[in-house]
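Under my numbering, the first residue of the first sequence is numbered 1, with each subsequent residue one higher.
Virtual Cβ for every residue (Gly too), placed ideally from N, Cα, C.
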Amino acid sequence: MSTTPAGGTDPHLLDDLRWRGLIAHSTDLDALGDALRAGSVRFYVGFDPTAPSLHMGHLVQILTARRLQQAGHAPYALVGGATGMIGDPRDSGERTLNSAEVVAQWVERIRGQIEPFLDFDGPAAATMVNNLDWTAGLSAIDFLRDIGKHFPVNRMLARDVVKRRLEDGISYTEFSYVLLQSMDFLELHRRHGVSLQFGGSDQWGNLSAGVDLVRRADGAHVHAFATPLLTRADGTKYGKSEGGALWLDPELLSPYAFFQFWLNVEDEKVGELLRVFTFLSREEIEDLEQRSAAEPHRRHGQRALAREVTTLVHGAEETARIEAASAALFGGGDLVELAVPTLAAALREAGAVEVAAGPELPTIVDLLVASGLAASKGEARRTVGEGGAYLNNTRVTDPDHRPARTDLLGGTWLVVRRGKKRFAGVEVR
RNA sequence: GGCAGGUUGUCCGAGCGGCCAAUGGAAGCGGACUGUAAAUCCGUCGGCGUAUGCCUACGCAGGUUCGAAUCCUGCACCUGCCA
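Below is the structure:
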């Protein structure tokens with residue numbers, strides 16, 4: 001992970017990106033390669049504030065930006081205060097507009113999530129930009145004359161997203177989104193000499209529209225590429241399960257749960273994810289793939305992946321705590337054998353709650369609900385009935401079962417488990 | 001503006017006066033087999049809880065009826081055809 005010396009650029013950048021599978025679509029790759037080798041390129045990648053946090057999909061873009069910067073190119077990270085007010089068309093239908101206050105708040109949170117990944121000093125220093133800066137004061141007349149004139153509606157209608165949405169309907173607002181994003185590229189090109197944009201493959205239409213606009217408006221040739229859409233082995237999207245998206249914000253998804261996600265990745269996907277989400281070298285990744293293939297049950301790849309990505313997002317200290325917690329909880333050994341401080345630390349990582357107990361301790365059903373492992377008492381009863389409830393790693397089959405005081409580990413802790421891998425700690429006081 | 005059709009649980013989609021907390025998929029959750037993997041098989045899938053019970057739910061608000069997701073009226077939104 002060495003940064004290229006001041007002023008220089010890494011001539012192998014494009015090859016590395018291609019090896020990692022990060023280029024799913026692109027404008028002329030030879031031209032892009034020439035530009036990247038010729039000197040430091042100013043590039044941009046945009047993030048729309050459509051939620052309070054970025055997630056796994058955005059992480060691909062953040063890390064790709066970091067790769068480009070480490071190779072000597074200058075990032076412009078755009079948080080879409082303007083585009084976030086509009087919303088780009090998606091297949092699932094028309095978006096609900098968010099208020100200006102909410103968008104502004106999300107812009108700040110997202111900026112804060114991106115900044116740690118980029119270097120704001122040095123010859124390829126990063127810059128944060130907000131497209132509200134050049135759209136807020138723009139008049140509708142200027143917009144229609146200067147930007148709109150370059151967008152033939154017949155071609156806009158031919159875009160895949162738009163075609164699919166024509167059945168169920170699409171507002172003029174979302175239909176116009178592509179003009180705003182294209183204008184961002186034009187503005188950044190004019191203001192800062194930005195000549196490359198990348199984004200997710202679902203953004204390819206917007207990316208290439210921006211390239212077209214810069215050419216039509218200014219006669220300049222700029223570049224774009226799209227990273228691939230990552231899917232699970234069965235072709236479905238990530239994040240549809242596990243109760244939601246893989247958020248980067250620790251308040252929306254605990255670092256422990258984040259780590260567990262990566263650890264549980266399918267064998268077939270480990271190599272791909274290591275290439276996209278880690279800064280391990282080609283040699284290291286190929287070695288991990290070989291060792292994983294040789295002894296898959298050891299999950300070498302998954303462990304490295306979980307450690308690397310969690311370290312990038314949540315830091316080395318937190319990752320070390322999580323690994324210790326996982327080892328304790330999944331160790332398979334007797335929980336009674338664990339030192340209490342170790343157990344307590346592990347449970348706090350996995351998620352722990354305090355419960356005030358009277359003369360009697362709560363029932364297993366109440367413990368499942370209190371710990372958040374079950375959403376309702378009905379669900380908790382069902383879990384017990386299905387044989388999925390465990391107390392201190394022993395299956396409980398009676399929904400009215402109450403642990404005794406002597407079951408408390410270290411005098412205060414109960415380990416509640418639902419299913420094979422969802423743990424929570426309950427601290428009884 | 002006129003006419004027609006539509007709005008059901010996380011999603012898709014049946015139901016068209018009582019047998020409807022609502023058929024069937026999918027997702028989710030649990031179990032078995034494994035490796036905290038995949039595939040497969042089985043179970044489960046509104047809440048309170050155990051009461052032939054109550055509460056909430058079939059776009060929103062009213063009405064008809066002993067009884068409505070189902071019928072009527074108004075409103076909102078969506079789709080199609082005609083202007």
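Check	Outcome
Proximity below 8 Å, CB of D249 to CB of P296	no
Distance between R67 and L118 (C-alpha atoms, nearest Å)	10 Å
Own chain, CB closer than 8 Å to F43, minus 5 neighbours either side, in chain order	A65, L68, H73, A74, P75, Y76, V194, S195, L196, Q197, F198
Whether M128 touches V103 by CB criterion (8 Å)	no
Rounded straight-line distance, which links the Cα of N131 to that of T27	24 Å
Spatial distance of G205 from R155 (CA atoms)	11 Å
Local Cβ density within 10 Å of T406, reported as buried at 16 or more and exposed below that	exposed
Residue from I23, R307, P49, T231 whose Cα sits closest to the Cα of E101	P49
Through-space distance from A226 to L22, alpha-carbon basis	8 Å
Assigned exposure category for V340 - 16 Cβ within 10 Å defines buried	exposed
Run of the beta strand (DSSP E) containing G46, from where it starts to where it stops	42 to 47
Member of R298, R291, V41, V365 whose CA lies at the smallest distance from the CA of G378	V365
For N154, the three-state DSSP class (helix, strand or coil)	helix
Cβ-based burial, L347 [other Cβ within 10 Å; buried from 16]	buried
Helix, strand or coil at E386 according to DSSP, with G and I counted as helix	coil
The region 383 to 395 / the region 404 to 424 touching (three or more Cβ pairs under 8 Å)	yes
Whole-angstrom distance between S182 and A126, CA atom to CA atom	21 Å
8 Å Cβ cutoff met for M56 and Y238	yes
DSSP state of Y76 mapped onto helix, strand, coil	strand
Cutoff 7 Å; reference R109; Cβ partners in own chain excluding five residues on either side	P52, S53
Top-ranked residue by Cα proximity to V222, from R429, D30, R303	D30
Of the residues L36, L246, A24, A344, the one placed nearest S201, counting alpha carbons only	A24
R298 (DSSP reduced to helix, strand or coil)	helix
3 or more residues per run - each beta strand (DSSP E) lying fully within the region 315 to 366	352 to 355
Boundaries (first-last residue) of the beta strand (DSSP E) holding N130	127 to 130
Assigned exposure category for A38 - 16 Cβ within 10 Å defines buried	exposed
Where the beta strand (DSSP E) containing W413 begins and where it ends	413 to 418
Three or more C-beta pairs below 8 Å linking the region 281 to 295 and the region 318 to 333	no
Inter-residue spacing [alpha-carbon to alpha-carbon] between P362 and E349	23 Å
Terminal residues of the beta strand (DSSP E) in which F198 lies	196 to 200
Cβ pair L414, V396 closer than 8 Å	no
Rounded C-alpha distance that separates A370 from V355	8 Å
L166 - DSSP class collapsed to helix/strand/coil	helix
Reduced DSSP category for E94 - H, G, I as helix; E, B as strand; rest coil	coil
Reference N392; option with closest CA among V276, S376, D15, F330	F330
Proximity of V265 and L305 at Cβ, strictly below 8 Å	yes
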